[in-house]
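Here the sequence shown is numbered in numbering that gives the first Met the number 0, starting from 0 and rising by one per residue.
C-beta: ideal position from N, C-alpha, C; glycine also.
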Amino acid sequence: MPVFASGCKPEAMQQTSARLALVFSCLGHAYMHMFTAFYFVIVLSLEDVWQRPYHELIELWTLGSLLVGLAALPAGWLGDRLGAAKMMIVFFVGLGLAGMACGFAEDTDALLIGLSALGLFSAIYHPVGIAWVVRNARMRGKALGINGVFGSIGIAIAGLVAGGLIDAFSWRAAFIVPGTVCLVTGLALWLCLHLGLIGEGTQVVREAKPESRHDMLRAILILLLTMTIMGIVFQATQAAIPKVFDLRLRDIAGEGALGIGLLVAGVYAIGGVTQLIGGFLADKFPLKPVYLLSFLLQAFALAAVATLVSLPLIAVTALVVLLSVVALPAENMMLARYTPERHHSLMYGVKFVLAFGTAPLSILLVSRIQAQTGEFVVLFLALAALTLAATLAALLLPGEWRRARALPVAAE
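Set out below in structure tokens:
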């Protein structure tokens, strides 16, 4: 019988389950972001192989990116009812098979179907995986920071993995090899669950100071707005950066996909590590100022990306990524604070419907602006203005008299 079936576990088994949950959640975060980012590098190779224009090929990801957002809500609902561990198995196996299917596509129609399936299964991760982390964590900020680092690592290695596999083998390998790894990870999680080594989590963390209904409603409405705006900013930036580097940094990157992939990887690796800083700040300081300041500084950095070239462009792009990820632990903790515990997965599903549901609009913005101007100056100035709007909205979040200490309590 699995160890977790009885509901009574020794402390050592609880710790083992919590550690394994964090490991698989971190891997899932890395995979999800890698799979939803590496097409932006793969498409550069497909331009030559299939002799199709960039704007036409990049739009193949539009439906998949839409599903990443729209399917997050039902995924969160299922996660609350079926359990996070089981849904994560579906995530790993489905995403792996979808990636492999993309690698075997023979035309744009088949690739469109594969990319759409990739988006559908990617949608499972955030509402399920983040809630899983929150449910198991004693120190939410630290755990979310570590988990966030892996998400940024996924974006970072997307360009590196895709560029390396394309240059070493072909664009097909850039889909098939990661898909195989993801599938194997899902089977490993199934085995851990079957053996009783991992469970749903036996503790949660509550804020010591309860929130009023008025503050809860106000905070949720404002967070819905800021998450929507910053979803557009994040998706457009992620989609555009490889092409921006392709246009402005060929003297540094050289020819081929690997050079661009390395630059993109470096930018996201630098930014990703700072989620640990974001987690530390979210544990130690009031959440609202951390959230607000990251938006304000990001707006100025985005405006700078519009016109910079060479090494300054790389540095400021890394700063944009850094500031965007610093805000995430505080944002996730505020969602957990202002949402009833039994609806955490559902609320994270709502968050990522907004964050990723904006992707089609972002992709179309990137595609149309590049097709009409050949560059991205207008795009990044518009993104800077949107970020300033999010900053103003965040000013209306409820204040905190003091940072309440998070205390572990038994799950209900």
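Where residue i falls: helix, strand or coil (DSSP)
i, result
"Gln-371", "helix"
"Arg-205", "Below a pLDDT of 50, predicted positions are generally treated as unreliable, and Arg-205, at 48, falls in that range; the measurement from the model is reported next regardless. In this structure, Arg-205 counts as strand in the three-state DSSP scheme."
"Val-308", "coil"
"Gly-398", "coil"
"Phe-284", "coil"
"Pro-52", "coil"
"Ser-44", "helix"
"Pro-359", "helix"
"Phe-103", "coil"
"Leu-119", "helix"
"Pro-126", "helix"
"Ile-231", "helix"
"Ile-197", "coil"
"Leu-94", "helix"
Length of the line joining the Cα atoms of residue i and residue j
i, j, result
"Gly-185", "Leu-318", "34 angstroms"
"Leu-21", "Lys-242", "34 angstroms"
"Ala-303", "Gly-348", "33 angstroms"
"Glu-330", "Gln-50", "42 angstroms"
"Pro-177", "Leu-72", "26 angstroms"
"Phe-174", "Met-33", "11 angstroms"
"Leu-66", "Ala-122", "7 angstroms"
"Leu-382", "Leu-301", "7 angstroms"
"Asp-245", "Ala-388", "30 angstroms"
"Asp-79", "Ala-264", "34 angstroms"
"Met-229", "Gly-150", "16 angstroms"
"Leu-292", "Leu-69", "29 angstroms"
"Ala-305", "Phe-294", "17 angstroms"
"Gly-147", "Ala-354", "15 angstroms"
"Ser-44", "Leu-196", "42 angstroms"
"Phe-23", "Gln-371", "43 angstroms"
"Val-258", "Thr-390", "It is Gly, not Val, that sits at residue 258 in the sequence shown. Whole-angstrom Cα-Cα distance: 35 angstroms."
"Cys-474", "Ile-156", "One cannot answer for residue 474 here, as it falls past the ends of the chain, which runs 0 to 411."
"Pro-328", "Ala-281", "6 angstroms"
"Ser-5", "Lys-287", "With a pLDDT of only 42 at Ser-5, under the threshold of 50, the placement of this residue in the model should not be trusted; the figure read from the coordinates follows. Taking the straight line joining both Cα atoms gives about 41 angstroms."
"Ala-187", "Pro-339", "32 angstroms"
"Leu-81", "Leu-363", "35 angstroms"
"Leu-59", "Thr-107", "8 angstroms"
"Leu-385", "Leu-194", "49 angstroms"
"Cys-25", "Met-87", "11 angstroms"
"Glu-46", "Leu-380", "27 angstroms"
"Val-183", "Val-92", "8 angstroms"
"Ile-112", "Gly-373", "28 angstroms"
"Arg-212", "Leu-262", "46 angstroms"
"Pro-52", "Phe-299", "32 angstroms"
Residues of its chain near residue i, where Cβ-Cβ distance is below 7 angstroms and the 5 sequence neighbours each way are ignored
i, result
"Ile-276", "Val-325"
"Leu-117", "Phe-34, Gly-63, Leu-94, Ala-97, Gly-98, Cys-101"
"Pro-397", "Asp-214, Arg-217, Ala-218"
"Ala-358", "Ser-64, Leu-65, Val-67, Gly-68, Gln-234"
"Leu-378", "Ala-235, Ala-239, Leu-364, Val-365, Ile-368"
"Thr-273", "Leu-321, Val-324, Val-325"
Short Cβ contact (8 angstroms threshold) for residue i with residue j
i, j, result
"Leu-334", "Gln-297", "no"
"Tyr-30", "Leu-114", "no"
"Trp-170", "Val-48", "yes"
"Leu-164", "Ala-172", "yes"
"Thr-316", "Ile-231", "no"
"Arg-247", "Leu-312", "yes"
"Val-320", "Val-266", "yes"
"Gln-237", "Ile-154", "yes"
"Leu-56", "Val-42", "yes"
"Phe-351", "His-125", "yes"
"Phe-120", "Phe-168", "no"
"Gly-27", "Leu-345", "no"
Option in the options with minimal Cα separation from residue i
i, options, result
"Gly-260", "Thr-61, Ala-161, Gly-128", "Ala-161"
"Ala-314", "Ala-268, Ile-112, Leu-190, Arg-134", "Ala-268"
"Trp-189", "Tyr-337, Gly-147, Ala-84", "Ala-84"
"Gly-128", "Leu-77, Ala-157, Pro-288", "Leu-77"
"Ala-36", "Glu-46, Thr-61, Glu-55", "Thr-61"
"Arg-336", "Arg-134, Leu-81, Thr-273, Leu-192", "Arg-134"
"Tyr-290", "Leu-394, Arg-212, Phe-299", "Leu-394"
"Leu-412", "Arg-212, Thr-227, Val-183, Met-332", "Nothing about residue 412 can be read from this structure; the chain reaches only from 0 to 411."
Distance cut-off 7 angstroms: residue i Cβ against heavy atoms of the ligand NAD
i, result
"Leu-192", "Although the ligand NAD was asked about, the structure shown includes no ligands whatsoever."
Neighbourhood of residue i by C-beta distance below 8 angstroms, restricted to the same chain and skipping five residues each side
i, result
"Ser-309", "Arg-247, Leu-248, Asp-250, Ile-251"
"Leu-19", "Cys-191, Leu-196, Ile-197"
"Leu-110", "Leu-59, Cys-101, Ala-104"
Beta-carbon contacts of residue i that lie in its chain and below 6 angstroms, excluding the five residues immediately before and after
i, result
"Ala-392", "Ile-221, Leu-224, Thr-225"
"Phe-375", "Ala-239, Val-243"
"Leu-192", "Ala-84"
"Thr-15", "none"
"Leu-307", "Val-315"
Chain D within 8 angstroms of residue i, Cβ atoms only
i, result
"Cys-191", "Looking at the structure shown, chain D is missing, and only one protein chain is on hand."
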